[in-house]
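Asks:
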């Protein structure tokens with residue numbers, strides 16, 4: 001029988017604490033007690049005496065007062081026997097980071113700009129035709145662009161006209177972009193560059209303002225076409241109509257990217273330019289002081305320096321500011337090589353053989369009938385014209401010249417449109433195109449020849465003028481265009497035709513300048529038995545002055561202008577002016593302008 005006084009030792013779970021009844025005690029608040037020592041197995045297996053009397057069960061506490069269930073003590077040794085989890089090895093200490101060197105002010109500025117450029121929303125996408133982010137203007141290119149703009153402002157246009165200064169400026173407009181672009185593109189562009197440079201150089205050889213203006217305008221239009229060659233008609237038309245102006249903003253961005261080197265320091269060329277500017281400033285300051293101190297030295301300086309007034313300097317600087325974007329755009333055009341041709345390989349609508357053959361066949365018959373009539377007129381001569389039309393042959397020729405010229409231009413457009421719309425997939429289609437367009441082109445050349453003959457007959461009767469020479473040149477160029485179109489119709493390929501048309505036009509202008517039209521007019525009118533128009537001859541340029549050798553002294557004094565050598569600037573010199581000055585010096589005794597009865601133009 002067990003002793004009623006023996007009772008199990010109180011457990012920590014039974015102790016009242018701040019926890020609510022039925023909750024586990026807060027083990028984090030008090031230190032955990034060590035688990036009870038394990039009992040020997042003999043104590044567990046020894047028989048216990050049953051109790052003598054069975055006591056009444058003690059009243060249980062309400063559920064709210066009951067303690068949380070406690071694990072059996074047999075489980076404690078198992079928890080104690082578990083091996084302890086080894087602690088994680090300590091992490092090795094991280095090596096100290098290398099301290100970056102402090103940024104310079106320029107690097108900090110670049111980082112700030114890059115950050116804000118990245119964060120700023122891109123409202124306008126860059127033009128892919130001109131966008132070249134990897135390209136930057138070299139210092140040499142920047143210096144050449146600025147120098148050419150300044151030189152052109154002072155040399156291209158003078159008070160007395162234009163001359164070698166305009167020629168040098170135009171050649172520079174072609175040479176500077178080619179020198180600053182990729183050298184691998186130089187050879188394909190070289191023929192066109194030589195042709196355009198020849199057009200610019202006309203100002204150095206001819207004094208006729210209208211010839212120089214035509215050649216200079218053509219060179220201005222063809223220069224970007226040489227710097228960025230196009231293969232299609234559409235691309236060449238965009239370039240000719242100044243579509244390259246859209247590259248103004250990208251060209252300034254290209255220049256801004258090249259202002260500094262990658263290390264942020266100015267390049268050697270820019271330092272050399274700065275040195276030159278400082279040198280010029282020092283010479284101007286001290287030279288001006290020396291000139292003010294001594295009159296002899298002032299005379300020497302005055303003979304070396306040009307006579308410029310402040311107003312002219314301001315105007316020249318404004319011209320340089322206007323010329324600078326032009327030089328910059330053309331230079332960047334040679335670098336970026338924009339393509340205005342558009343997407344190639346697109347299928348376009350073609351017509352059937354019937355739709356092509358009927359109108360072109362009828363037009364061929366009409367041309368053939370007109371040519372047959374023209375042959376009858378030309379074979380019959382002036383008498384036939386007087387009997388049928390009641391006009392002289394010159395009046396008859398003048399009456400139909402403009403209509404025939406319009407017919408030739410319209411025929412050229414019809415041939416181009418028909419070649420574009422004609423089917424070419426099958427061999428029969430291609431032979432049909434050749435059979436219809438070939439005769440039309442040949443008969444169009446006959447129409448052009450008829451117009452040329454009419455013009456020749458007209459100035460044989462009434463003499464030669466600038467307008468008649470110009471129209472005659474255009475008609476010859478039109479005949480060359482028809483010859484090119486015939487070759488294109490036979491080959492049925494037109495990729496080479498746009499460049500051939502531009503080159504033929506440039507060659508026609510060079511031929512016009514080569515024949516010296518003002519001298520040709522004077523010589524032709526003097527050699528033929530025409531009534532001399534001294535007023536018209538006096539209005540010709542200095543190119544015609546050497547041709548007046550055959551005139552009498554009185555007439556020569558009326559058509560030859562007095563010398564202007566004392567007022568002519570060096571940059572406005574040209575070969576025609578030089579020959580006229582030599583003629584005036586040779587005939588100085590006979591050129592008595594005060595005895596001229598009419599004093600035409602003076």
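Numbering (the UniProt record's numbering), first residue to last: 1 to 602.
The beta carbon of each residue, even a glycine, is placed where N, CA and C say it ideally should be.
What do you reckon, are the CB atoms on residue 466 and residue 210 nearer than 8 Å?
Replies: Yes, the pair counts as a contact, with Cβ atoms nearer than the cut-off.
Asks: Would you mind stating whether residue 450 and residue 482 have Cβ atoms separated by less than 8 Å?
Replies: No, the pair does not count as a contact, with Cβ atoms beyond the cut-off.
Asks: What does DSSP give as the partner residue(s) for residue 161 in the beta ladder?
Replies: BP columns for residue 161 point to 158.
Asks: With DSSP as the reference, label residue 109 as helix, strand or coil.
Replies: In the structure shown, residue 109 sits in a helix (DSSP, three-state: H, G or I).
Asks: Just the Cα atoms here: how many angstroms apart are residue 204 and residue 517?
Replies: Approximately 15 Å between the Cα atoms of the pair.
Asks: Give a yes or no on whether the C-beta atoms belonging to residue 244 and residue 224 are separated by under 8 Å.
Replies: Yes, the pair counts as a contact, with Cβ atoms nearer than the cut-off.
Asks: Given a threshold of 16 other Cβ atoms within 10 Å of its Cβ, counted over all protein chains shown, does residue 402 qualify as buried or as exposed?
Replies: Residue 402 comes out exposed.
Asks: Short of 7 Å in beta carbon distance, which residues of its chain neighbour residue 338, apart from the five on each side in sequence? Order them along the chain.
Replies: Excluding sequence neighbours, residue 338 sits near 129, 130, 228, 247.
Asks: What are the boundary residues of the alpha helix (DSSP H) that residue 460 is part of?
Replies: First-last of the alpha helix (DSSP H) with residue 460: 427-462.
Asks: Around the C-beta of residue 318, are 16 or more other C-beta atoms found within 10 angstroms, so that it is buried, or is it exposed?
Replies: Exposed: under 16 other Cβ atoms inside 10 Å.
Asks: Taking just the CA atoms, how far does residue 152 sit from residue 603?
Replies: Shown here, the chain extends from 1 to 602; a query on residue 603 therefore has no answer.
Asks: Is residue 318 helix, strand or coil by DSSP?
Replies: It is helical.
Asks: Note down, in chain order, each residue of its chain lying with its Cβ closer than 8 Å to the Cβ of residue 74, except the 5 sequence neighbours on either side.
Replies: Caution is warranted here: a pLDDT of 49 is assigned to residue 74, below 50, making its placement in the model unreliable, and the coordinate value is therefore given only provisionally. So the list is empty, once near-sequence residues are dropped.
Asks: Here's the rule I'm using: 16 or more other beta-carbon atoms within 10 Å means buried, otherwise exposed. How should residue 141 be labelled?
Replies: Looking at its Cβ environment, which holds 16 or more other Cβ atoms inside 10 Å, residue 141 is buried.
Asks: Tell me where the alpha helix (DSSP H) around residue 615 begins and ends.
Replies: This structure does not reach residue 615, given that the chain is present from 1 up to 602, and the question cannot be answered.
Asks: Check residue 542 in the structure and name its three-state DSSP category.
Replies: It is helical.
Asks: For residue 360 and residue 569, what's the separation of their Cα atoms in angstroms?
Replies: C-alpha separation (whole angstroms): 59 Å.
Asks: Mapping DSSP to helix, strand and coil, what is residue 208?
Replies: The answer is coil: DSSP assigns residue 208 none of H, G, I, E or B.
Asks: With distances taken from CA atoms, which of 503, 471, 463, 293 is nearest residue 536?
Replies: Among 503, 471, 463, 293, the Cα nearest to that of residue 536 belongs to 463.
Asks: Can we say the stretch 415-429 touches the stretch 476-493, given the rule of at least three CB pairs closer than 8 Å?
Replies: With a cut-off of 8 Å, the stretch 476-493 and the stretch 415-429 count as touching, because enough Cβ pairs lie within range.
Asks: Helix, strand or coil: which one does DSSP assign to residue 516?
Replies: If DSSP states are grouped into helix, strand and coil, residue 516 belongs with coil.
Asks: Assign residue 250 to one of two classes, buried (16 or more other C-beta atoms within 10 Å of its C-beta) or exposed (fewer than that).
Replies: It is buried - the Cβ of residue 250 has at least 16 other Cβ atoms within 10 Å.
Asks: With DSSP run on the structure shown, which of helix, strand or coil describes residue 341?
Replies: In this structure, residue 341 counts as coil in the three-state DSSP scheme.
Asks: Tell me the residue span of the alpha helix (DSSP H) that contains residue 486.
Replies: Taken as a continuous stretch (DSSP letters only), the alpha helix (DSSP H) holding residue 486 covers 466-491.
Asks: Between 446, 280, 477, 506, which has its C-alpha nearest residue 367's C-alpha?
Replies: With distances taken between Cα atoms, residue 367 lies closest to 446.
Asks: Which first and last residues belong to the alpha helix (DSSP H) in which residue 192 is found?
Replies: 186-200 is the span of the alpha helix (DSSP H), which, as asked, contains residue 192.
Asks: Three-state secondary structure (DSSP) at residue 531?
Replies: Residue 531 falls in the coil class under three-state DSSP.
Asks: Compare the beta carbon distance of residue 470 and residue 505 with 8 Å and say whether it is the shorter of the two.
Replies: The answer is no: Cβ separation not under 8 Å.
Asks: Distance, Cα to Cα, residue 507 vs residue 107?
Replies: Those two C-alpha atoms are separated by around 54 Å.
Asks: Note the first and the last residue of the continuous alpha helix (DSSP H) segment covering residue 244.
Replies: Run containing residue 244: none; DSSP gives neither H nor E here.
Asks: In chain order, what residues of the same chain have a beta carbon less than 6 Å from the beta carbon of residue 148, not counting five sequence neighbours either side?
Replies: These residues qualify, in order along the chain: 172, 176, 327.
Asks: For residue 222 and residue 502, which I take to be in contact (beta-carbon distance under 8 Å), what is that distance rounded to the nearest angstrom?
Replies: The pair is a contact, with the Cβ atoms about 6 Å apart (cut-off 8 Å).
Asks: Taking only three categories from DSSP, how would you classify residue 230?
Replies: Residue state, collapsed to three classes: coil.
Asks: Please state if the CB of residue 252 and the CB of residue 621 are separated by a distance shorter than 8 Å.
Replies: Nothing about residue 621 can be read from this structure; the chain reaches only from 1 to 602.
Asks: Can the beta-carbon of residue 353 be found less than 8 Å from the beta-carbon of residue 429?
Replies: Contact flag set, yes.
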